[in-house]
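Counting from 1 along the sequence shown, just add 590 to a position and that's the residue number in the working numbering. Inspection log for the structure reproduced underneath, given as structure tokens.
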Amino acid sequence: MNIEAPKQIQQTHCYSFVKPTRFRKVIQEFAGNGTLVLEGSEHRAHRKMLANPLSVPNIRKLQPIFEAKSRELCKLLDNAAASSGLIDCTEVFTKATLDIIGATVLGLELENPSSGTFDIKQDIHVAKTDTTGKKACSFHQAYEIIFEQGLLGKILLFANGFFPFRWMPIQENRKYMFCTDWVRRVLQQTISDRRAKVKNKMAFNKTEHNQKDSRDLLTFIVEETTSHYRAAAEEVTIDGVRIPKGTIVDIVPLTGDQLPPYAFQAFVSGSRMCIGKNYVMLDMKCMLIEMVPRFRFCAVDKPLTIENPGFAMRPTGLEARLEKIVSF
């Protein structure tokens, strides 16, 4: 593996490779035209707009929230260890992550992680009613309906990237459209409220920064590869290899003896690097610092599946057994 090739793809020629059309259609359906799907000058403009809120100094100000939410997560794990000891890692950590995002980005308590259950999975398709009389659900329920669909839902998700199937009056489409509409409606109202508050008062609170961002071992542990396939928008030559227009390019990490030091690139690199990298890194470090001294995580010999089609390598049925470390 030559490091020059991924360097050219992610930096020198990064805007020559775009998200495939079918992927953009699926994402735009529930996320709109955001930084994830924009290309060229529009992408550069949006990154510039988001750069300051997601800068390292501003991310450090969120550390007390990360730490408080991590302690809440540990209380949840305490309850799990005291009962069956089994947890669904995807459900627990997704719920905790959404709660952290709600508190830090929206200023809302979306759904406290401690409300989780371990024995019986709640029916995520049961809708409640909000104060206006309209049907409502929780962000966690909406997230699961969108990202953890049944077989028919996955088929429709994949097919909708090629042809619009959401108009079909079937239950899977109704659930999906209900969730996307509800999330969009709630976020629009939340953004409107936040803008009004910001106009009235601008608060800059200094927060003490500790050395969590300098712990190299933690950095190595939480780094992950989260890139998605990209397609060449034009014919381009990378490291002497001609790549025709429309070719899907995926930078695959190697293993074993083939594994070079640069095989794993956390959050990609260059102009298309994940803009929330610093946010996620600090969040994960705070979680690990709270969890690792308190619990021993044991593997459960049970098969798992990867959501496919999907937007990331999201496992379903990934369970772990918790053991409380008594000496802590």
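By construction, the Cβ of each residue, glycine as well, lies at the ideal position given by its N, Cα and C atoms.
Limits of the beta strand (DSSP E) - the one that residue i falls within
i: D668; result: Here D668 belongs to no beta strand (DSSP E); instead the alpha helix (DSSP H) covers Q653 to A672.
i: D678; result: L676 to D678
i: T827; result: V826 to I828
i: I912; result: What sits at residue 912 in the sequence shown is Leu, not Ile. Segment E909 to K914, the beta strand (DSSP E) holding L912.
i: A889; result: F885 to A889
i: I833; result: V831 to I833
Beta-carbon gap between residue i and residue j smaller than 9 Å
i: Q653; j: C876; result: yes
i: N750; j: V870; result: no
i: C679; j: A910; result: yes
i: V773; j: F620; result: yes
Short CB-CB distance (under 9 Å) between residue i and chain B
i: A823; result: No chain B is present in this structure, which holds just one protein chain.
Extent of the continuous alpha helix (DSSP H) run through residue i
i: D619; result: Checking the sequence shown, residue 619 turns out to be Glu, not Asp. Counting along the chain, the alpha helix (DSSP H) containing E619 begins and ends at T611 to A621.
i: K744; result: L741 to A749
i: V695; result: Run containing V695: none; DSSP gives neither H nor E here.
i: S631; result: G630 to A641
i: H730; result: F729 to F737
Buried/exposed call for residue i, threshold 16 Cβ in 10 Å
i: Q618; result: exposed
i: M639; result: exposed
i: M758; result: exposed
i: G630; result: exposed
i: D891; result: exposed
i: Q731; result: buried
i: F753; result: exposed
i: K796; result: Here K796 scores only 39 on pLDDT, less than 50, and its place in the model should not be relied on; the value that follows carries that caveat. It is exposed - the Cβ of K796 has fewer than 16 other Cβ atoms within 10 Å.
i: Q787; result: As written in the sequence, residue 787 is Lys, which differs from the Gln given in the question. Counting Cβ neighbours within 10 Å, K787 comes out exposed, since fewer than 16 surround it.
i: E824; result: exposed
i: I710; result: Confidence at I710 is low in this model, with a pLDDT of 26, below 50, so its placement is unreliable and no value can be given for it.
i: Q761; result: exposed
i: L777; result: exposed
i: D873; result: buried
i: P596; result: buried
Contact the stretch 652-664 vs the stretch 877-892: 3+ CB pairs below 8 Å: yes
Touching by the beta-carbon criterion (3+ pairs, under 8 Å), the stretch 822-838 and the stretch 598-615: yes
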